[in-house]
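Chains as they are written, first to last, in UniProt numbering: chain Y, 1 to 330; chain P, 1 to 330.
Beta carbons are placed, not taken as given, at the ideal position from N, Cα and C, and that holds for glycine.
Note that the coordinates shown come from a computational prediction; the quantities given were computed from them, not determined experimentally.
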DNA sequence: CTGTTAGCGCTTTCAG
DNA sequence: CTGAAAGCGCTAACAG
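1) Identify the continuous alpha helix (DSSP H) that holds residue 319 of chain P and give its terminal residues.
2) What in chain P is Cβ-close to residue 38 of chain Y, meaning under 9 Å?
3) Which residues in chain P sit within 9 Å of residue 125 of chain Y, going by Cβ to Cβ distance?
4) Could you spell out where the alpha helix (DSSP H) holding residue 341 of chain Y opens and where it closes?
5) Check whether the Cβ of residue 288 of chain P lies closer than 7 Å to any heavy atom of the ligand GTP, and answer yes or no.
6) Quick one: which chain P residues come within Cβ less than 8 Å of residue 278 of chain Y?
7) Assign residue 269 of chain Y to one of three DSSP states: helix, strand, or coil.
8) For residue 113 of chain P, return the contacting residues in chain Y, with the cut-off set at a CB-CB distance below 8 Å.
9) At a Cβ threshold of 8 Å, is residue 91 of chain Y touching chain P?
10) Contact criterion: CB-CB distance below 8 Å. Does residue 78 of chain Y meet it with respect to chain P?
11) Assuming residue 131 of chain P contacts residue 44 of chain Y under a Cβ cut-off of 8 Å, what Cβ separation, rounded to an integer in Å, is found between them?
12) Please report how far the alpha carbon of residue 304 of chain Y lies from the alpha carbon of residue 314 of chain Y, in whole angstroms.
13) For chain Y, is any of its Cβ atoms less than 8 Å away from the one on residue 266 of chain P?
14) Could you tell me whether the Cβ of residue 53 of chain P comes closer than 8 Å to any Cβ of chain Y?
15) Residue 118 of chain P to residue 294 of chain P, Cα distance in whole Å?
16) Between P/171, P/139, P/5, P/287, which lies nearest to residue 47 of chain P when the distance is taken from Cα to Cα?
17) For residue 261 of chain Y, which residues of its own chain have a beta-carbon under 7 Å away from its beta-carbon, when the five flanking residues on both sides are left out?
18) Could you tell me which uninterrupted alpha helix (DSSP H) segments, each at least 4 residues in length, are contained entirely in the stretch 65 to 140 of chain P, listed from first to last along the chain?
19) If we count the other Cβ atoms within 10 Å of its Cβ and call it buried at 16 or more, is residue 35 of chain P buried or exposed?
20) Contact between the stretch 149 to 164 of chain P and the stretch 175 to 193 of chain P: three or more CB pairs below 8 Å?
21) Taking residue 75 of chain P and residue 71 of chain Y to be in contact with their CB atoms under 8 Å, please state how far apart those CB atoms are, rounded to whole angstroms.
22) Going by Cα to Cα distance, which pick from P/97, P/286, P/211 is closest to residue 317 of chain P?
23) Apply the 10 Å Cβ neighbour rule to residue 263 of chain P and answer buried if 16 or more other Cβ atoms are within range, or exposed otherwise.
24) I want to see whether chain Y comes within less than 8 Å of residue 328 of chain P, judged by CB atoms only; does it?
25) Indicate whether the contact test is met: 3 or more Cβ pairs, each with one atom in the stretch 199 to 207 of chain Y and one in the stretch 161 to 170 of chain Y, closer than 8 Å.
26) Which two residues bound the contiguous beta strand (DSSP E) that contains residue 212 of chain Y?
27) Terminal residues of the continuous alpha helix (DSSP H) containing residue 184 of chain Y?
28) How big is the Cα-Cα spacing for residue 79 of chain P and residue 116 of chain Y?
29) According to the neighbour-count rule (16 or more other Cβ atoms, all chains shown, within 10 Å of its Cβ), is residue 211 of chain Y buried or exposed?
30) Would a C-beta distance cut-off of 8 Å place residue 40 of chain P and residue 7 of chain P closer than the cut-off?
31) Within 10 angstroms of the Cβ of residue 214 of chain P, are there 16 or more other Cβ atoms? Answer buried if so, exposed if not.
32) With a threshold of 6 Å on Cβ separation, who are the neighbours of residue 11 of chain P within its own chain once the five nearest residues in sequence on each side are excluded?
33) With DSSP as the reference, label residue 20 of chain Y as helix, strand or coil.
34) Specify whether the stretch 80 to 100 of chain P and the stretch 17 to 36 of chain P touch according to this definition: at least 3 beta carbon pairs, one from each stretch, less than 8 Å apart.
35) Whole angstroms are fine: how far does the CA of residue 154 of chain P sit from the CA of residue 138 of chain P?
36) Roughly how far, in whole angstroms, is the beta-carbon of residue 86 of chain P from the beta-carbon of residue 61 of chain P, given that I think they are within contact range, below 8 Å?
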């Protein structure tokens, strides 16, 4: 493969002249520039961006790290990130953290391949995050925290959101409300559960909490946990799910057993994913601001890169979105 | 930031020794290795992956290029790609081609930042693709073609799929079938239209084709084009859409006008995206193999990287998936 | 087992 | 306007 050296030889100029010409530096005469561009074309020259990055010691690219590239991470969130990243003239890469410590994500966090990272993944250790974050390598953490000067977290008010959801159910006359969640060590879901419990307490229902925690936070597990709930008999009048994916799995399970939502049981999710408004019945859920969160994340990373100081922690509000999966039984 | 040079100085060894130690080369004695690892820890050393890549002149990473990172590119497809890429010990990056010639995608295609690319985007010129593809940089093209020794295409049999869909409609008694598509120069949609037209011809309906081509291939445009169709009066008994996204937009438009699907009009989509089975009514559509396509794409890229020869072109079959949006009016 | 050394391909002073 | 030269941080052949 041709390099600028080859071009220099062919055009009969020095390497630096080639570099300047290729980078549109004004100080190169039109004539030599043409000559150089011609040679480049003939040699089918392709720049080696890696060499360039090494020399410049900056990549002008930001990584978005998600648990699984194949996963349903929110389109709107990515859009928010993408727009401000592009407007700054930076590149955006997405990579996944499947594979844990040997994943692409860790490589990007620890090997200076990018100038900053936005992390939406729980399977990357806090240790790695803290070790990697530097002045010249800010990290934005979504849905989790880490104690470091160069990491800022953006969370959503999960506790309040869940509280809102549970309270809705209670004001609609529900007294027997189950909560189905995955097994978790993450604060996010702990807070959601907490909101649910606080609402029960607030309305004098403390003894009545029915919390089911097991397995993953996906549709399949929402499905099987709901089946178990059904198998136990003694169906609650409403069930809250840790997220919409699980809720959708749950609705399917109810359907399979001929249990009508919301006539027989009310259901409420969390997140407001795209599917939520399409399932039958349309899912009542708690929405988090997605686009705004993405845009804020990208904005903050540039603030930090430019040396401005920022809050270490942001908490965004949630909002109840009423659809058809909750029945007023008053 | 600390480099291996600093470690060498601190540990009192040469830089090559450091490099060997850090890369777990067996020839370094346990004692020096400890010493080196210690120094690295103290200095909070972080490898510069870019320098390493430059030297090795290989990145062991593959880029997945999509039109829009925020878009609904198929999770299943990504999963297929991801699995074989990881199994080969390569990294996978996703980047978008929004921004055209100045996009991240083009940078990755033309600047040797990765060892190969899988491209699912139509806004990257064939010229760039052909210029970029080399023996050491194979490109897999999804849903389009390009004439180059180092590019292989994987398409889906769009013509046959569309034919199948149209034929279903005809055998169910439909005679007046509209086709709503975006404006296209891409062969993919041209083939879909062709399948529709061939089916009409085959069944003696050649005069009756009602093709509407305008705008984008997204939900919004499916919505507005359907509204226009409605406004014109003289509703067809069935409408085929260029893809599921447009079909979903169309269903929404019908709903808004109190036109029942499929009682008043039958609808058929293409792609079988996840949403298809959740919309009301569940969408009858033409499925393309997603996971398989992803896995094949990644598999081929490694075949090429390893110097094996492959077919230049693959065509995968489609399949009709019957749901509830088509009515038998015989 | 460890050190010396020559680059990978590019950018960017500094001199002319 | 153009060229010489240093060097980004790392790897790996070679010598010891």
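Working from what's here:
1) Residue numbering aside, residue 319 of chain P sits at position 319 when the second chain is read from its first letter. Residue 319 of chain P: not part of any alpha helix (DSSP H); member of the beta strand (DSSP E) spanning 319 to 321, first to last residue.
2) The residue labelled residue 38 of chain Y in the question sits at position 38 within the first chain. Chain-order list of chain P residues neighbouring residue 38 of chain Y: empty, with the shortest C-beta distance near 16 Å, by a criterion of under 9 Å.
3) As a first step, residue 125 of chain Y must be located in the first chain, where it is residue number 125. Those within 9 Å of residue 125 of chain Y in chain P number zero; the least Cβ separation is about 15 Å.
4) Here chain Y comprises residues numbered 1 to 330, so residue 341 of chain Y is not present and cannot be evaluated.
5) You won't find the ligand GTP in this model; it holds no ligand whatsoever.
6) Numbered from its first residue, the first chain carries residue 278 of chain Y at position 278. Per Cβ cutoff of 8 Å: 275, 278, 279, 280.
7) Mapped onto the first chain, residue 269 of chain Y falls at position 269. Three-state result, residue 269 of chain Y: coil.
8) Looking up residue 113 of chain P in the second chain gives position 113. Correct list: 49, 50.
9) For this step, residue 91 of chain Y is matched to residue 91 along the first chain. So yes, residue 91 of chain Y belongs to the interface.
10) Along the first chain, read from residue 1 onward, the residue named residue 78 of chain Y stands at position 78. Under the 8 Å criterion on CB atoms, residue 78 of chain Y is classed as interfacial with respect to chain P.
11) Position 131 of the second chain, counted from the start, is the residue given in the question as residue 131 of chain P. Position 44 of the first chain, counted from the start, is the residue given in the question as residue 44 of chain Y. The Cβ separation is near 7 Å, so the contact holds.
12) Sequence index remark: in the first chain, residue 304 of chain Y carries index 304 (1-based). Sequence index remark: in the first chain, residue 314 of chain Y carries index 314 (1-based). Taking the straight line joining both Cα atoms gives about 15 Å.
13) In the second chain, counting from the first residue as 1, residue 266 of chain P sits at position 266. Output row for residue 266 of chain P: interface = no.
14) To locate residue 53 of chain P, count along the second chain from 1; it is residue 53. Judged by the 8 Å Cβ criterion, residue 53 of chain P is in contact with chain Y.
15) Translated into positions along the second chain, residue 118 of chain P becomes position 118. Translated into positions along the second chain, residue 294 of chain P becomes position 294. Using only the alpha carbons, I get a separation of about 9 Å.
16) For the purposes of this step, residue 47 of chain P is identified with residue 47 of the second chain, where counting begins at 1. It is P/5.
17) On the first chain, position 261 is the one that residue 261 of chain Y refers to. These residues qualify, in order along the chain: 251, 254, 267, 281, 325.
18) Within the stretch 65 to 140 of chain P, the alpha helix (DSSP H) runs of at least 4 residues that lie entirely inside it are, in chain order, 75 to 87, 104 to 110, 126 to 132.
19) Counting from 1 along the second chain, the entry for residue 35 of chain P is found at position 35. Buried is the call here.
20) yes
21) One-based indexing of the second chain puts residue 75 of chain P at position 75. One-based indexing of the first chain puts residue 71 of chain Y at position 71. Right, the Cβ-Cβ distance comes to about 7 Å (below 8 Å), so this counts as a contact.
22) Residue numbering aside, residue 317 of chain P sits at position 317 when the second chain is read from its first letter. If we check each option's Cα against that of residue 317 of chain P, P/286 comes out closest.
23) Sequence index remark: in the second chain, residue 263 of chain P carries index 263 (1-based). So residue 263 of chain P ends up on the exposed side.
24) Sequence index remark: in the second chain, residue 328 of chain P carries index 328 (1-based). Not one chain Y Cβ lies under 8 Å of residue 328 of chain P.
25) Yes, the stretch 199 to 207 of chain Y is in contact with the stretch 161 to 170 of chain Y.
26) Taking the first chain and counting its residues from 1, one reaches residue 212 of chain Y at position 212. Taken as a continuous stretch (DSSP letters only), the beta strand (DSSP E) holding residue 212 of chain Y covers 210 to 213.
27) Within the first chain, residue 184 of chain Y is the residue found at index 184, counting from 1. From DSSP, residue 184 of chain Y is part of no alpha helix (DSSP H); its letter is neither H nor E.
28) What you label residue 79 of chain P is simply residue 79 of the second chain in a count that begins at 1. What you label residue 116 of chain Y is simply residue 116 of the first chain in a count that begins at 1. A direct Cα-Cα distance of roughly 26 Å separates residue 79 of chain P from residue 116 of chain Y.
29) Start at 1 with the first residue of the first chain, and residue 211 of chain Y comes out as number 211. It is exposed - the Cβ of residue 211 of chain Y has fewer than 16 other Cβ atoms within 10 Å.
30) The residue given as residue 40 of chain P occupies position 40 in the second chain. The residue given as residue 7 of chain P occupies position 7 in the second chain. Yes, these two residues count as a Cβ contact at 8 Å.
31) Within the second chain, numbered from 1, the residue matching residue 214 of chain P stands at position 214. Counting Cβ neighbours within 10 Å, residue 214 of chain P comes out exposed, since fewer than 16 surround it.
32) Looking up residue 11 of chain P in the second chain gives position 11. If we look at residue 11 of chain P and ignore the five residues flanking it on each side, its Cβ neighbours are 35, 36, 39.
33) As a working mapping, residue 20 of chain Y is identified with position 20 in the first chain. DSSP places residue 20 of chain Y in helix when its eight states are reduced to three.
34) no
35) Residue numbering aside, residue 138 of chain P sits at position 138 when the second chain is read from its first letter. Residue numbering aside, residue 154 of chain P sits at position 154 when the second chain is read from its first letter. Using only the alpha carbons, I get a separation of about 13 Å.
36) The count along the second chain starts at 1 and reaches residue 86 of chain P at position 86. The count along the second chain starts at 1 and reaches residue 61 of chain P at position 61. The Cβ separation is near 11 Å, so there is no contact.
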